[in-house]
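A.B. asks:
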Amino acid sequence: MNQISPLAFVHPDAKLGDNNIIGPFCYIDANTVIGDNNNLQNSVTINVGARIGNNNEIFPGASISTKPQDLKFKGEETTCIVGDNNSIRENVTISRGTASKGVTIVGNNNLLMENMHVAHDCVLGNNLIIGNSTKFAGEVTVDDNAIISATVLCHQFCKIGSYVMIQGGSRFSQDIPPYIIAGKEPIRYAGINIVGLRRHGFSNELIDLIHEAYRLLYSKGVLAEGIQEIQNNLQITPEIQYIIDFVKTSKRGIIR
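Mapping to my numbering: the sequence shown position 41 is 35, numbers consecutive.
If you want it as structure tokens, here you go:
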């Protein structure tokens, strides 16, 4: 049975699962779906197009599936998908998609800290930690297990690789390849995220291999030549192939 405060508004067309807590002054619009065992504290707004999974905790002032901040948006029917086991803290805003992709996605087991913004058509993976007041512009992609510190500004269309650590206050308009620390001013490659990789069970041998891959990649002025050096000299494990594929498919270029 759902526990819905008499001070909350739930549209008759909203679809709720079971065992949800809907606190006072929450607003749940039409064309929304909420799964099971979610806790919406007070003053949470769930807008048109929201598709929320199970076991999420959403804190006061958060607004999910907001109208995109994109002047090209003409009211197309789009969605915002939030997975399971997420903690969405105070005043987080997540926009729904636009006609470009049609959907904004937040995966599972993520912590989105206070005042964070996820713009239209972003795709966020799983097991992410994203700090206070960090802002993602439209169509940003973040792969799994990344840590993005507070007050980071990410340009539209950028991609952030898995197991990345990004220094607080950073601003960037190029892609951040996997397994690295990105920091300093202006932002640049600052080494391998050794602590993060060890926490996730990467062996010392694999960490050394990743480190050598980046040494070869950045030793060349042309990234294609660096990739060729990696392919010629290193064992191509799935992790190394991920680096190669990430760099090859980058549309904005990677930080150096």
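Glycine included, every Cβ here is placed at the ideal spot set by N, Cα and C. Predicted model only: the values in this text are computed from it and were never measured.
Could you name each continuous alpha helix (DSSP H) segment of 4 residues or more that falls completely within the stretch 186 to 245, going from the start of the chain to the end?
C.D. replies: Counting only runs of 4 or more, we get 188 to 193, 198 to 213, 217 to 227 and 232 to 243.
A.B. asks: With a CB to CB cut of under 8 Å and the five nearest residues on each side skipped, what residues in its chain are close to residue 209?
C.D. replies: By 1-based counting over the sequence shown, the position of residue 209 is 215. Closer than 8 Å at the Cβ level, and outside the excluded window around residue 209, lies no residue.
A.B. asks: Could you name the residues that DSSP lists as bridge partners for residue 259?
C.D. replies: As shown, the chain starts at -5 and ends at 250. That puts residue 259 outside it, with no answer to give.
A.B. asks: Would residue 15 pass as a contact of residue 40 if the rule is Cβ separation under 8 Å?
C.D. replies: Within the sequence shown, the letter at position 21 stands for residue 15. Within the sequence shown, the letter at position 46 stands for residue 40. Cβ distance not < 8 Å, so residue 15 and residue 40 don't count as in contact.
A.B. asks: Output the distance between the C-alpha atoms of residue 68 and residue 196, rounded to the nearest integer angstrom.
C.D. replies: What you label residue 68 is simply residue 74 of the sequence shown in a count that begins at 1. What you label residue 196 is simply residue 202 of the sequence shown in a count that begins at 1. So the alpha carbons of these two residues sit roughly 46 Å apart.
A.B. asks: In the DSSP output, what is residue 61 paired with across the bridge?
C.D. replies: Sequence index remark: in the sequence shown, residue 61 carries index 67 (1-based). For residue 61, which the question treats as bridged, DSSP gives no partner whatsoever.
A.B. asks: Under DSSP, the beta strand (DSSP E) around residue 176 begins and ends at which residues?
C.D. replies: Here residue 176 is taken as the residue at index 182 of the sequence shown, counted from 1. Its beta strand (DSSP E) spans residues 174 to 177.
A.B. asks: In terms of alpha-carbon separation, which member of 145, 4, 64 and 247 lies closest to residue 124?
C.D. replies: Stepping through the sequence shown from its first residue, residue 124 is reached at position 130. Considering only alpha carbons, the answer is 145.
A.B. asks: Consult DSSP for residue 184 and reduce its assignment to one of helix, strand or coil.
C.D. replies: The count along the sequence shown starts at 1 and reaches residue 184 at position 190. Strand at residue 184.
A.B. asks: Find the nearest neighbour of residue 89 within the set 118, 224, 153 and 102, judged by alpha-carbon distance.
C.D. replies: Here residue 89 is taken as the residue at index 95 of the sequence shown, counted from 1. The shortest Cα separation from residue 89 among 118, 224, 153 and 102 belongs to 118.
A.B. asks: Going straight from the alpha carbon of residue 135 to that of residue 189, what length do you get?
C.D. replies: Here residue 135 refers to the residue found at position 141 when the sequence shown is read from its first residue. Here residue 189 refers to the residue found at position 195 when the sequence shown is read from its first residue. If you take the alpha carbons of residue 135 and residue 189, they lie about 23 Å apart.
A.B. asks: According to DSSP, is residue 52 helix, strand or coil?
C.D. replies: As a position in the sequence shown, residue 52 is number 58, starting the count at 1. The answer is strand: DSSP assigns residue 52 an E or B state.
A.B. asks: Quick check on this structure: which residue in 153, 226, 85 and 133 has the alpha carbon closest to the alpha carbon of residue 240?
C.D. replies: In the sequence shown, the residue the question calls residue 240 occupies position 246. The residue with the shortest Cα to Cα distance from residue 240 is 153.
A.B. asks: Take residue 20 as the anchor and find which of 231, 36 and 10 has the nearest alpha-carbon.
C.D. replies: Indexing the sequence shown from 1 puts residue 20 at position 26. Here the closest residue by C-alpha is 36.
A.B. asks: Does the Cβ of residue 12 have 16 or more other Cβ atoms within 10 Å, making it buried, or fewer, making it exposed?
C.D. replies: Counting from one through the sequence shown, the residue named residue 12 turns up at place 18. Exposed: under 16 other Cβ atoms inside 10 Å.
A.B. asks: Note down, in chain order, each residue of its chain lying with its Cβ closer than 6 Å to the Cβ of residue 140, except the 5 sequence neighbours on either side.
C.D. replies: What you label residue 140 is simply residue 146 of the sequence shown in a count that begins at 1. Counting only Cβ-Cβ distances below 6 Å, and skipping sequence neighbours, we find 122, 154 and 158.
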